[in-house]
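Notes for the one structure printed next.
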Amino acid sequence: MIQSSSLDANVLFDEVTTVLWIGGMLLDGVEWFLEHVFGAGMDVLADLLGTPMLGYPYMQRAYLAAVCIAVIGPVVGTFLVHREMAMIGDTLAHTAFAGVAVGLFLNSALSLTLSPLLTAFVVAVVTALLVELLVEHAGAYSDTSLAIVLTGGFAVGSILITATDGGIAVGIDAYLFGSLSTVSTENVGILILMSILVGGLVTIAYRPLLYVTFDAVAARAARLNVSLYKRLMVVLTALVVVSGMQIMGVILVAAMLVVPVAAATEVARSFKQSILLAILAAEFAAITGVTLSYVYGIAAGGSVVIAAISVYAIALASQKLTYWLPSVRRSRHRPEQSQKELGADGGKQE
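For the record, in the sequence shown the residue sitting at position 128 is 204 according to my numbering, with numbers rising by one throughout.
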């Protein structure tokens, strides 16, 4: 028994060591990419455009983080919007806030060194699975279930903040509202890893996810594991929300799952095209928002979301004009045509 326990401990130690080694290698790779590839390219661009901010390391990290968020947000959000589950992003964002509060509370109360992002990941993933379970059994009242989880998550976070006499409130502000200056190399590494993971899983499971999104009944009849793919999607949503809240903020990160997709849906003619256009809209909003945040000293998350809403307004206006202009042209031509018909008929047709 003692030998077996010792063997298990050694195996566990080896596995933890391997994970830490892989994590260290990934972090080194991210640092190398930031400095020698992305950073070098941004330095050249800063010299060409005469824009010093593009050469600042913290701005380079912020831009790269925003670019990653603008990819994974619409990729997952497109499935959620067409499944009419757009509110789940906001729900998981508020429970991620509770996860951050848990991490900061444990660090303060027990003198631990837990990463708030780690506890946010755990709480958000567990909540995502709970939310999917509630939605499956709630039927027509799924929005009520989401509202309960949303308010409950925020309530837990607020209780933990006040339980320490507000001592962790300062630490949680960056997660609530987002900040350019607090985006670290580790945060960028997490976002790059999440981009690869989310993009890879969605690519592999694209057809089943599409089938489940538009016709779950037919997918179940085709012997697809509908519950599995639904849970996969909500877990991916949780990962996207937690990964992006460092720069976007808990309150606004869910907007990147919905607003660019809504803009793309106005003009797209296919599901794949809506994903592509949503990514393009999100990239424009992210880059514009981060730039405005630096220039005017405003919150990064808020400026990104306002830029995304502006893109949606433009897409909506262009779509309305597309329908309005032909109808105006037809209405202008109709009187002329009727007068010609009357003249040719000698007035008898009237």
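Glycine included, every Cβ here is placed at the ideal spot set by N, Cα and C.
Give the secondary structure of Leu110 by DSSP, where H, G and I count as helix, E and B as strand, and everything else as coil. For the purposes of this step, residue 110 is taken as residue 34 along the sequence shown, with counting starting at 1. Reduced to three states, the DSSP call for Leu110 is helix.
For Ala231 and Ala361, I'd like the C-alpha separation in whole angstroms. For the purposes of this step, residue 231 is identified with residue 155 of the sequence shown, where counting begins at 1. For the purposes of this step, residue 361 is identified with residue 285 of the sequence shown, where counting begins at 1. Each residue's Cα considered, the two are about 31 Å apart.
If you draw a straight line from the alpha carbon of Gly229 to that of Val120, how long is it in whole angstroms? The residue given as residue 229 occupies position 153 in the sequence shown. The residue given as residue 120 occupies position 44 in the sequence shown. Cα-Cα distance, rounded: 45 Å.
Measure the C-alpha to C-alpha separation of Ser234 and Leu397 and round it to an integer number of angstroms. Here residue 234 is taken as the residue at index 158 of the sequence shown, counted from 1. Here residue 397 is taken as the residue at index 321 of the sequence shown, counted from 1. If I take the Cα positions, the gap works out to 46 Å.
Proximity winner among Ala331, Phe155, Ala389, Ala330, relative to Val343 (alpha-carbon distances): Here the question's residue 343 lines up with position 267 in the sequence shown. Of Ala331, Phe155, Ala389, Ala330, the residue nearest in Cα terms is Ala389.
Who are the near neighbours of Tyr134 in its chain, counting only those whose CB is closer than 8 Å to its CB and skipping five residues on each side? On the sequence shown, position 58 is the one that residue 134 refers to. Result list for Tyr134: Leu256, Ser257, Val259, in chain order.
Coil, strand or helix - Asp54 by DSSP: Only positions 77 to 426 of the chain appear in this structure, which leaves residue 54 out of reach.
So, are the CB atoms of Val274 and Arg137 less than 7 Å apart? Taking the first residue of the sequence shown as 1, we reach residue 274 at position 198. Taking the first residue of the sequence shown as 1, we reach residue 137 at position 61. No, they are not a contact pair.
Could you work out which residue in Val317, Ala297, Val288, Gly365 is closest to Arg307 when comparing CA atoms only? Taking the sequence shown and counting its residues from 1, one reaches residue 307 at position 231. Of the candidates Val317, Ala297, Val288, Gly365, the one whose C-alpha sits nearest the C-alpha of Arg307 is Val288.
Go through the region 300-378 residue by residue and report every complete run of the alpha helix (DSSP H) that reaches 4 residues or more, in order. As far as the region 300-378 is concerned, its whole alpha helix (DSSP H) runs of at least 4 residues are 302-324, 331-343, 347-372.
Find the nearest neighbour of Ala141 within the set Gly165, Leu156, Ile323, Ala223, judged by alpha-carbon distance. Taking the sequence shown and counting its residues from 1, one reaches residue 141 at position 65. Checking every option, the nearest Cα to that of Ala141 belongs to Ile323.
By Cβ distance, which residues of its chain are closer than 6 Å to Leu353, with the 5 residues on each side in sequence left out? Looking up residue 353 in the sequence shown gives position 277. Same-chain partners within the cutoff: Ala340, Ala344.
So, for Met163: in the same chain, excluding its five sequence neighbours on each side, which residues have a beta-carbon less than 6 Å away from its beta-carbon? Numbered from 1 along the sequence shown, position 87 holds the residue referred to as residue 163. Excluding sequence neighbours, Met163 sits near Leu222.
7 Å Cβ cutoff met for Leu168 and Ala146: Numbered from 1 along the sequence shown, position 92 holds the residue referred to as residue 168. Numbered from 1 along the sequence shown, position 70 holds the residue referred to as residue 146. No; because the gap between Cβ atoms is not below 7 Å, this pair is not in contact.
Along the chain, where does the alpha helix (DSSP H) containing Ala138 start, and where does it finish? Reading the sequence shown from its first residue, position 62 is the one you call residue 138. Segment 133-158, the alpha helix (DSSP H) holding Ala138.
Quick check: what's the CA-CA separation for Thr227 versus Glu359? Residue numbering aside, residue 227 sits at position 151 when the sequence shown is read from its first letter. Residue numbering aside, residue 359 sits at position 283 when the sequence shown is read from its first letter. Cα to Cα, the separation comes out at about 30 Å.
Leu285 to Asp249, Cα distance in whole Å? Along the sequence shown, read from residue 1 onward, the residue named residue 285 stands at position 209. Along the sequence shown, read from residue 1 onward, the residue named residue 249 stands at position 173. Taking the straight line from one Cα to the other gives about 36 Å.
Simplified DSSP state of Leu193, which is helix, strand or coil: Taking the first residue of the sequence shown as position 1, residue 193 is located at position 117. Leu193 sits in a helix when the DSSP states are folded into three classes.
Would you tell me roughly how many angstroms separate the C-alpha atoms of Ala357 and Val302, rounded to the nearest one? Counting from 1 along the sequence shown, the entry for residue 357 is found at position 281. Counting from 1 along the sequence shown, the entry for residue 302 is found at position 226. Each residue's alpha carbon lies about 30 Å from the other.
Assign Val387 to buried or exposed, taking buried as 16 or more other Cβ atoms, counted over all protein chains shown, within 10 Å of its Cβ. Position 311 of the sequence shown, counting from 1, holds the residue named residue 387. With 16 or more Cβ atoms within 10 Å of its Cβ, Val387 is classed as buried.
Taking the alpha carbon of Gly175 as the reference point, which residue from Ile355, Ser346, Val371, Val326 has its own alpha carbon closest? Taking the first residue of the sequence shown as 1, we reach residue 175 at position 99. Among Ile355, Ser346, Val371, Val326, the Cα nearest to that of Gly175 is on Val326.
In chain order, what residues of the same chain have a beta carbon less than 7 Å from the beta carbon of Val211, not counting five sequence neighbours either side? Locating residue 211 in the sequence shown gives position 135, where the first residue counts as 1. For Val211, where only same-chain residues beyond five positions count, the Cβ hits under 7 Å are Ser218, Ser221.
With distances taken Cα to Cα, identify the nearest neighbour of Val317 among Leu194, Ile280, Thr261, Gly276. As a first step, residue 317 is located in the sequence shown; it is residue number 241 there, counting from the start. Among Leu194, Ile280, Thr261, Gly276, the Cα nearest to that of Val317 is on Leu194.
Can you tell me which of the three DSSP states Val232 falls into? Start at 1 with the first residue of the sequence shown, and residue 232 comes out as number 156. In the structure shown, Val232 sits in a helix (DSSP, three-state: H, G or I).
Leu209 versus Thr203: straight-line alpha-carbon distance, rounded: Residue mapping note: residue 209 aligns to position 133 of the sequence shown, counting from 1. Residue mapping note: residue 203 aligns to position 127 of the sequence shown, counting from 1. So the alpha carbons of these two residues sit roughly 10 Å apart.
Please report the distance separating the alpha-carbon of Leu328 from that of Thr313. Taking the first residue of the sequence shown as 1, we reach residue 328 at position 252. Taking the first residue of the sequence shown as 1, we reach residue 313 at position 237. One C-alpha to the other measures close to 14 Å.
Do Gly131 and Ala122 have their CB atoms nearer than 7 Å? In the sequence shown, counting from the first residue as 1, residue 131 sits at position 55. In the sequence shown, counting from the first residue as 1, residue 122 sits at position 46. Ala122 is positioned such that its CB atom lies closer than 7 Å to that of Gly131.
For Val152, which residues of its own chain have a beta-carbon under 8 Å away from its beta-carbon, when the five flanking residues on both sides are left out? Start at 1 with the first residue of the sequence shown, and residue 152 comes out as number 76. Excluding sequence neighbours, Val152 sits near Val274, Val278, Met309, Leu312, Thr313, Val316, Leu333.
So what's Ala383 in DSSP terms, helix, strand or just coil? For the purposes of this step, residue 383 is taken as the residue at position 307 of the sequence shown. Helix.
Taking the Cβ atom as the reference point for each residue, do Val335 and Ile382 lie within a distance shorter than 7 Å? Mapped onto the sequence shown, residue 335 falls at position 259. Mapped onto the sequence shown, residue 382 falls at position 306. No; because the gap between Cβ atoms is not below 7 Å, this pair is not in contact.
In angstroms, rounded to a whole number, what distance separates the CA positions of Ile280 and His112? Stepping through the sequence shown from its first residue, residue 280 is reached at position 204. Stepping through the sequence shown from its first residue, residue 112 is reached at position 36. C-alpha separation (whole angstroms): 31 Å.
Mark Ser414 as exposed unless 16 or more other C-beta atoms lie within 10 angstroms of its C-beta, in which case mark it buried. Here the question's residue 414 lines up with position 338 in the sequence shown. Because Ser414 sits at a pLDDT of 45, beneath the cut-off of 50, its placement in the model cannot be relied upon, and the point is left open.
Length of the line joining the Cα atoms of Leu124 and Glu107: Residue 124 sits at position 48 when you count from the first residue of the sequence shown. Residue 107 sits at position 31 when you count from the first residue of the sequence shown. Rounded to the nearest angstrom, the two C-alpha atoms are 24 Å apart.
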